[in-house]
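Peer 1: Can you read through this structure? Questions will come right after.
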Amino acid sequence: MNHPKRLFAGVAVLALAASGAVVAVHVRRGEEPPPGLGAAAVVEATPSASPTVADAARKQAVDAVLARRSTAVLAGDLKGFMAPVDPKQTELVARQRLLFTNLRKFGLSSLKYFTADAFRPVPGLVGKFGPTTFSTRVMMRYQLSGLDPRPVQTDLGYTFVQRAGTWVLVDDTGTDENLSQDGHRQPWDFDEVQVVRRGSVVVVVDKREASLGTKVAQVAEKAVKSVRKHWARPWNGAVLVVAMPQERVMSTLWTAGSGDGWTIAAKAVTLFEGEQLGKPAGRPIGSRIVVNPALRKRLDKDLLVHEMTHVATATLGLNAPIWAVEGLAEYVRCRAIEDDPHWTVDPYRKRVKSQYLAKLTTLPDQSVFAADADRAYGTSWWITEYLADKLGEKKLATLYTDLSVHGESVLKKDTGLTATQIAAGAKKFKG
Ligand SMILES: [Zn+2]
14 MNHPKRLFAG
24 VAVLALAASG
34 AVVAVHVRRG
44 EEPPPGLGAA
54 AVVEATPSAS
64 PTVADAARKQ
74 AVDAVLARRS
84 TAVLAGDLKG
94 FMAPVDPKQT
104 ELVARQRLLF
114 TNLRKFGLSS
124 LKYFTADAFR
134 PVPGLVGKFG
144 PTTFSTRVMM
154 RYQLSGLDPR
164 PVQTDLGYTF
174 VQRAGTWVLV
184 DDTGTDENLS
194 QDGHRQPWDF
204 DEVQVVRRGS
214 VVVVVDKREA
224 SLGTKVAQVA
234 EKAVKSVRKH
244 WARPWNGAVL
254 VVAMPQERVM
264 STLWTAGSGD
274 GWTIAAKAVT
284 LFEGEQLGKP
294 AGRPIGSRIV
304 VNPALRKRLD
314 KDLLVHEMTH
324 VATATLGLNA
334 PIWAVEGLAE
344 YVRCRAIEDD
354 PHWTVDPYRK
364 RVKSQYLAKL
374 TTLPDQSVFA
384 ADADRAYGTS
394 WWITEYLADK
404 LGEKKLATLY
414 TDLSVHGESV
424 LKKDTGLTAT
434 QIAAGAKKFK
444 G
């Protein structure tokens with residue numbers, strides 16, 4: 014028997030997409046549009062061609078202040094963390110205290126703050142704080158306990174002044190426009206959070222919505238099990254799910270596509286080893302799942318299964334074509350739904366067969382995803398079903414891993430078929 018309510022949930026992504034609304038997507042930050050400001054244009058090393066001795070001394074002194082603050086966070090030493098904060102800046106003091114509180118809740122296994130490029134002097138800040146005012150990008154290199162296998166990084170914009178021989182933090186927001194897309198927009202940069210850990214899953218919600226955190230964690234834990242069942246390679250299930258009410262956490266935009274576009278329900282955001290200004294550098298380390306704030310209370314397991322498939326595969330490499338990336342996530346999602354004998358994705362199947370397959374001639378690329386997301390996701394799912402039927406889940410995982418590392422050139426070797434033959438085979442595949 015089909016349970017109407019759950020059946021709807023099972024095809025929620027599609028059903029809502031059809032009414033112009035919801036699709037889950039996978040975003041690597043490097044693929045997103047660049048920050049509104051050409052960041053490089055407003056950032057420069059120093060006004061002079063080469064750093065002076067004074068610049069170097071200042072950098073060294075500020076780095077020492079930042080290093081003490083990193084140590085203070087790890088040690089739970091609020092006093093040490095607040096020591097360089099100007100007590101007269103009451104809003105800054107409140108934000109910094111909150112930052113400390115939140116960071117302690119996340120639990121960090123490593124943390125290092127250090128200066129990166131200096132910003133051009135900001136007239137408003139120099140006017141307010143005087144001639145020694147120094148604004149700089151601060152890198153936060155960190156690992157969340159139980160989540161990040163290696164350090165990842167994000168950036169902040171801090172302004173210091175020199176007083177009585179020491180550097181005092183006087184501002185932490187006035188240079189935000191120079192930061193990378195999600196700089197100073199991490200989950201700990203907004204209101205007080207509640208961090209819920211359950212198994213390998215970590216969920217972060219607003220402190221006032223603690224019960225939502227418990228609920229999401231339960232659902233997320235089940236989603237991890239489903240992914241592990243159908244993704245035939247090892248995955249430790251460590252994932253951070255952000256389900257906060259604030260719109261700009263991780264700088265996510267919740268519409269995409271062309272024309273009126275569609276609303277995105279959740280994103281898996283990949284983090285890279287050495288990321289600056291929103292451009293990936295180095296190898297992918299892991300992912301966060303960010304849930305659309307408007308939909309956080311209606312989050313279902315299916316959506317998380319889709320996103321977690323992206324998380325489970327994110328560190329393999331960046332070369333898998335989009336049809337394989339989204340097709341695999343949809344494949345695992347649909348299999349997870351049908352693991353429950355009371356559930357089916359038949360309406361989805363019917364829609365793909367009756368509406369989308371007629372147009373299938375080549376494997377869907379970025380342009381198909383931008384122009385018609387429903388068709389692109391549905392078709393990619395069906396292609397993956399076809400490949401799973403042909404290869405089995407183990408070889409499907411091998412193929413996906415190979416695609417992630419080498420790109421589409423491995424298709425023939427791993428499947429015996431060309432891209433055109435795969436498209437033709439999927440078109441005829443009955444399921
Ligand atoms: Zn996706």
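With positions in the sequence shown counted from 1, the corresponding number in our numbering is that position plus 13. For every residue, glycine included, the Cβ atom is placed at its ideal position computed from N, Cα and C.
Short check: CB of Ile-298 to CB of Arg-388, under 8 Å?
Peer 2: Cβ distance not < 8 Å, so Ile-298 and Arg-388 don't count as in contact.
Peer 1: Say yes only if the C-beta of Glu-398 is nearer than 7 Å to one or more non-hydrogen atoms of ligand 1, and no if none qualify.
Peer 2: No, the Cβ of Glu-398 stays beyond 7 Å of every heavy atom of ligand 1.
Peer 1: State the DSSP-derived secondary structure class of Ala-432, mapped to helix, strand or coil.
Peer 2: Note: Ala-432 maps to helix in three-state DSSP.
Peer 1: Measuring straight from C-alpha to C-alpha, what distance separates Ala-432 and Trp-336?
Peer 2: For Ala-432 and Trp-336, the distance between alpha carbons rounds to 11 Å.
Peer 1: Is it buried or exposed for Glu-320, if we count other Cβ within 10 angstroms and need 16 for buried?
Peer 2: So Glu-320 ends up on the buried side.
Peer 1: Measuring only from the beta carbon, is Ala-342 closer than 7 Å to any heavy atom that is part of ligand 1?
Peer 2: Yes, Cβ of Ala-342 sits closer than 7 Å to a heavy atom of ligand 1.
Peer 1: Please work out which residues of its chain come closer than 7 Å, Cβ to Cβ, to Gly-429, disregarding the five sequence neighbours upstream and downstream, and give them in chain order.
Peer 2: Excluding positions up to five away in sequence, the list is empty.
Peer 1: What did DSSP end up calling Val-358 once you bin it into helix, strand or coil?
Peer 2: Reduced to three states, the DSSP call for Val-358 is coil.
Peer 1: Return the CA-CA distance between Val-348 and Asp-189, expressed in angstroms with no decimal places.
Peer 2: Going by the sequence as given, residue 348 is Arg instead of Val. Near 43 Å, if we compare the C-alpha coordinates of Asp-189 and Arg-348.
Peer 1: Can you check the segment 116 to 175 for any beta strand (DSSP E) of at least 3 residues that lies completely inside it and give the ranges in chain order?
Peer 2: As far as the segment 116 to 175 is concerned, its whole beta strand (DSSP E) runs of at least 3 residues are 121 to 131, 147 to 157.
Peer 1: Starting from Asp-184 and walking both ways along the beta strand (DSSP E), at which residues does that stretch end?
Peer 2: Asp-184 -> beta strand (DSSP E) spans 179 to 184.
Peer 1: Identify which residue in Gly-212, Val-86, Val-218 has its Cα closest to the Cα of Asp-226.
Peer 2: Rather than Asp, the amino acid found at residue 226 in this sequence is Gly. If we check each option's Cα against that of Gly-226, Val-218 comes out closest.
Peer 1: Is His-243 near ligand 1, judged by its Cβ being under 7 Å from some heavy atom?
Peer 2: For ligand 1, not one heavy atom lies less than 7 Å from the Cβ of His-243.
Peer 1: Consult DSSP for Lys-280 and reduce its assignment to one of helix, strand or coil.
Peer 2: Looking at Lys-280 - three-state DSSP - the assignment turns out to be strand.
Peer 1: For Thr-103, is the classification buried or exposed, using 16 other Cβ atoms within 10 angstroms of its Cβ as the cut-off for buried?
Peer 2: With fewer than 16 other Cβ atoms within 10 Å, it is exposed.
Peer 1: Taking just the CA atoms, how far does Val-216 sit from Arg-362?
Peer 2: Between Arg-362 and Val-216, the C-alpha separation is close to 32 Å.
Peer 1: Please confirm if the segment 113 to 129 is in contact with the segment 70 to 89, defined as three or more CB-CB distances below 8 Å between the two stretches.
Peer 2: The answer is yes - the segment 70 to 89 touches the segment 113 to 129, with three or more Cβ pairs under 8 Å.
Peer 1: How about the segment 303 to 323 and the segment 363 to 374: do they share at least three Cβ pairs that are nearer than 8 Å?
Peer 2: No, the segment 303 to 323 does not touch the segment 363 to 374.
Peer 1: Could you work out which residue in Asn-249, Lys-101, Leu-91, Ser-213 is closest to Thr-328 when comparing CA atoms only?
Peer 2: Checked all of Asn-249, Lys-101, Leu-91, Ser-213; the closest Cα to Thr-328 is Asn-249.
Peer 1: Unbroken beta strand (DSSP E) runs of length 3 or more, entirely within the segment 201 to 273: which are they?
Peer 2: You should have 206 to 211, 214 to 219, 252 to 255.
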